[in-house]
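> Can you keep this structure in mind? I'll have questions shortly.
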């Protein structure tokens, strides 16, 4: 069985033949090049897994060859082979792109170990690319992570509405990623080259929100020294994302309704209307139906916004996406100064069992905290915030024994049949005498 293709580069024929004899006996397919120039000509025609490159060669030394390999983008991982154990040379080789280095004369076990490390590394890279491609095919939206059924349903809706002009209303608890979904709609559709303007309706002063959305003319109110174009107009053909739409004051709701119905706005202090072309995507974490009943939200505006609705589930309802989200956040926060390679099974189990009241945003904050306060390159259970670990231990403490479960079930069944022991025993699948014994055992007061 061919374990991999090895390209050996050395100007000494005896070294090359020795490498070929040993590596072929180990199951590798071996190719020989006597110079850097010859090695590059090989790489133009064939794909190899590993290159064993001698450092000291005429015309082009090993480090220069490695630099050329990286510049040309050849999919091969170089290992520098040298008789010189100088630290500065090794550092230079690694900086140039060498995966590892081997000292001459090499030990067979170390040589094989180094080659296998490279092959395993390339295998992991290949598997990662395959997984990433599979995820892209599943949802095609780079800013959204998840492959659970409820997330795939959202991807299907996004795919259908991304190129339409319909208004969209996104429901979901805080931290579930409503803005990310709005961005996915915008940047995957035909408006992707236009502006995406997020508006946090809860953070804008109610006294200025009308001016922010619709603009104003000079002198419209005290302090209006200049005319200002509203966001609905300045977005052009792009998208306005109205986050926390339920927080818009009732008076502004009426003006927004007219803007959506007629696609025109009237700036504050102006008698003239202006056409708008922006698409509206709104989001809320409130029950708008209840807000309508309480007179807090206009029913006609609700129906105008709710042409297409997307319900975003809380993280506790699609916990199977947590491993993907954790990998995503680890990759997001990895830097040259602080790198984390993964998460331990124990730590992941704690995350999977947590209820996440703050949803995806809370999970991201948790991973970001580990980058700041953790020390290892693997996230361990001890690195997680105390409140997350505490819930896990509390859940374990609340687990009931079989006797407690049996006792509760017997009581519930007897109460259901108003104390009729015969009927209760029949449903429980035991005899009356057995049931009486259990009643006595558990001191059940009839």
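Numbering (the working numbering), first residue to last: 44 to 489. Note that the Cβ used here is the ideal one computed from N, Cα and C, for glycine as well. Given the structure is predicted, the values throughout are model-derived calculations rather than measurements.
1. Count the CB pairs spanning the segment 379-397 and the segment 416-423 that are closer than 8 Å, and state whether there are at least three.
2. Could you tell me the alpha carbon to alpha carbon distance between residue 309 and residue 365, rounded to whole angstroms?
3. Looking at C-alpha atoms only, which residue of 282, 217, 140 is the closest neighbour of residue 113?
4. Out of 115, 464, 259, 350, point me to the one whose CA is closest to residue 200's CA.
5. Check residue 96 in the structure and name its three-state DSSP category.
6. Buried or exposed for residue 416, please, with buried defined as at least 16 other CB atoms from any protein chain shown within 10 angstroms of its CB.
7. Let me know the alpha helix (DSSP H) ranges lying completely inside the segment 94-176, each 4 residues or longer, listed in chain order.
8. With DSSP as the reference, label residue 243 as helix, strand or coil.
9. By DSSP's criteria, residue 51 is part of a beta bridge. Which residues make up the other side?
10. Are the beta-carbon atoms of residue 93 and residue 158 separated by less than 7 Å?
11. Compute the Euclidean distance between the alpha carbons of residue 180 and residue 354, then round it to the nearest angstrom.
12. What first and last residue would you give for the beta strand (DSSP E) that runs through residue 214?
13. Does the Cβ-Cβ distance between residue 256 and residue 273 come in under 7 Å?
14. Under a Cβ-count criterion, where at least 16 other Cβ atoms within 10 Å of its own Cβ denotes burial, should residue 395 be classed as buried or exposed?
15. Do residue 237 and residue 280 come within 7 Å of each other at the CB atom, strictly closer than that value?
16. For the alpha helix (DSSP H) containing residue 372, list its first residue and its last residue.
17. Buried or exposed: where does residue 254 fall if 16 or more other Cβ atoms within 10 Å of its Cβ makes it buried?
18. For residue 74, which residues in the same chain have their Cβ closer than 8 Å to its Cβ, ignoring the five residues on either side in sequence?
19. Suppose you measure from the CA of residue 194 to the CA of residue 374; what does that come to, to the nearest Å?
20. Start and end of the beta strand (DSSP E) containing residue 352?
21. Quick check: what's the CA-CA separation for residue 401 versus residue 407?
22. Reducing DSSP to helix, strand and coil, say where residue 427 ends up.
23. Tell me, which residues are paired with residue 286 by DSSP?
24. Please say whether residue 228 and residue 205 have beta carbons closer to each other than 7 Å?
25. In terms of residue numbering, what span does the alpha helix (DSSP H) encompassing residue 238 cover?
26. Could you work out which residue in 319, 124, 138, 398 is closest to residue 153 when comparing CA atoms only?
27. Do you know whose CA, among 294, 445, 283, 479, lies nearest residue 250's CA?
28. Can you give me the start and stop residues for the alpha helix (DSSP H) that residue 465 sits inside?
29. Give the DSSP-derived three-state secondary structure of residue 361 in the structure shown.
30. Where does residue 386 sit, in a helix, a strand or coil, going by DSSP?
31. For residue 367, which residues of its own chain have a beta-carbon under 7 Å away from its beta-carbon, when the five flanking residues on both sides are left out?
32. Excluding the five sequence neighbours on either side, which residues of its own chain have a C-beta within less than 7 Å of the C-beta of residue 478, listed in chain order?
33. Considering only C-alpha positions, which residue in the set 482, 143, 430, 244 is nearest to residue 454?
34. Would residue 247 and residue 275 qualify as a contact pair, given that the criterion is a beta-carbon distance under 7 Å?
35. Cα separation between residue 486 and residue 458?
36. Does DSSP put residue 291 in a helix, in a strand, or in coil?
Concretely, from the data shown:
1. Flag = yes, the segment 379-397 and the segment 416-423 touch.
2. To locate residue 309, count along the chain shown from 1; it is residue 266. To locate residue 365, count along the chain shown from 1; it is residue 322. Linking residue 309 to residue 365 through their CA atoms gives a straight-line distance of about 46 Å.
3. Working through the chain shown from its first residue, we reach residue 113 at position 70. Checked all of 282, 217, 140; the closest Cα to residue 113 is 140.
4. The sequence position of residue 200 within the chain shown is 157, counting from 1. Comparing Cα positions, the closest option is 350.
5. By 1-based counting over the chain shown, the position of residue 96 is 53. In this structure, residue 96 counts as strand in the three-state DSSP scheme.
6. Within the chain shown, residue 416 is the residue found at index 373, counting from 1. Exposed, because fewer than 16 other Cβ atoms sit within 10 Å of the Cβ of residue 416.
7. Within the segment 94-176, the complete alpha helix (DSSP H) segments at least 4 residues long are 105-115, 130-139, listed from N- to C-terminus.
8. As a first step, residue 243 must be located in the chain shown, where it is residue number 200. Looking at residue 243 - three-state DSSP - the assignment turns out to be strand.
9. Walking along the chain shown from the start, residue 51 turns up at place 8. Residue 51 pairs with 75, 95.
10. Reading the chain shown from its first residue, position 50 is the one you call residue 93. Reading the chain shown from its first residue, position 115 is the one you call residue 158. A contact, by the Cβ cut-off of 7 Å.
11. Residue numbering aside, residue 180 sits at position 137 when the chain shown is read from its first letter. Residue numbering aside, residue 354 sits at position 311 when the chain shown is read from its first letter. Confidence at residue 180 is low in this model, with a pLDDT of 49, below 50, so the placement of that residue should be treated as unreliable; the coordinate-derived value is given next. Each residue's CA atom was taken as its position, placing residue 180 and residue 354 some 22 Å apart.
12. The count along the chain shown starts at 1 and reaches residue 214 at position 171. Unbroken beta strand (DSSP E) run through residue 214: 211-214.
13. Translated into positions along the chain shown, residue 256 becomes position 213. Translated into positions along the chain shown, residue 273 becomes position 230. For residue 256 and residue 273, yes; Cβs fall inside 7 Å.
14. Counting from 1 along the chain shown, the entry for residue 395 is found at position 352. So residue 395 counts as exposed.
15. In the chain shown, the residue the question calls residue 280 occupies position 237. In the chain shown, the residue the question calls residue 237 occupies position 194. It is a contact, given that the beta carbons lie within the stated cut-off.
16. Here residue 372 corresponds to residue number 329 of the chain shown, with the count starting at 1. Its alpha helix (DSSP H) spans residues 365-376.
17. Position 211 of the chain shown, counted from the first residue, corresponds to residue 254. Buried.
18. Here residue 74 corresponds to residue number 31 of the chain shown, with the count starting at 1. Closer than 8 Å at the Cβ level, and outside the excluded window around residue 74, lie 48, 49, 50, 51, 85, 89, 91.
19. In the chain shown, residue 194 corresponds to position 151, counting from 1. In the chain shown, residue 374 corresponds to position 331, counting from 1. Spanning the two alpha carbons is a distance of roughly 21 Å.
20. Here residue 352 corresponds to residue number 309 of the chain shown, with the count starting at 1. If you look at residue 352, you'll find it in the beta strand (DSSP E) that goes 351-354.
21. Start at 1 with the first residue of the chain shown, and residue 401 comes out as number 358. Start at 1 with the first residue of the chain shown, and residue 407 comes out as number 364. Rounded to whole angstroms, residue 401 and residue 407 show a C-alpha spacing of 10 Å.
22. By one-based count along the chain shown, residue 427 stands at place 384. DSSP places residue 427 in coil when its eight states are reduced to three.
23. Start at 1 with the first residue of the chain shown, and residue 286 comes out as number 243. Paired residues: 243, 326.
24. Numbered from 1 along the chain shown, position 162 holds the residue referred to as residue 205. Numbered from 1 along the chain shown, position 185 holds the residue referred to as residue 228. It is a contact, given that the beta carbons lie within the stated cut-off.
25. Reading the chain shown from its first residue, position 195 is the one you call residue 238. First-last for residue 238: undefined, no H or E at that position.
26. For the purposes of this step, residue 153 is taken as residue 110 along the chain shown, with counting starting at 1. Put simply, of 319, 124, 138, 398 the residue whose alpha carbon is nearest the alpha carbon of residue 153 is 124.
27. Here residue 250 refers to the residue found at position 207 of the chain shown. Closest by alpha carbon: 294.
28. Taking the chain shown and counting its residues from 1, one reaches residue 465 at position 422. 464-471 is the extent of the alpha helix (DSSP H) around residue 465.
29. The residue you call residue 361 lines up with position 318 of the chain shown. Residue state, collapsed to three classes: coil.
30. Taking the chain shown and counting its residues from 1, one reaches residue 386 at position 343. Residue 386 falls in the strand class under three-state DSSP.
31. If you number the chain shown from 1, residue 367 lands on position 324. If we look at residue 367 and ignore the five residues flanking it on each side, its Cβ neighbours are 188, 189, 190.
32. Numbered from its first residue, the chain shown carries residue 478 at position 435. These residues qualify, in order along the chain: 464, 467, 468, 471.
33. Mapped onto the chain shown, residue 454 falls at position 411. Per the Cα distances, 482.
34. Sequence index remark: in the chain shown, residue 247 carries index 204 (1-based). Sequence index remark: in the chain shown, residue 275 carries index 232 (1-based). No, the pair does not count as a contact, with Cβ atoms beyond the cut-off.
35. In the chain shown, counting from the first residue as 1, residue 486 sits at position 443. In the chain shown, counting from the first residue as 1, residue 458 sits at position 415. Near 15 Å, if we compare the C-alpha coordinates of residue 458 and residue 486.
36. As a first step, residue 291 is located in the chain shown; it is residue number 248 there, counting from the start. Shown here, residue 291 sits in coil according to DSSP, grouped into three states, outside any helix or strand.
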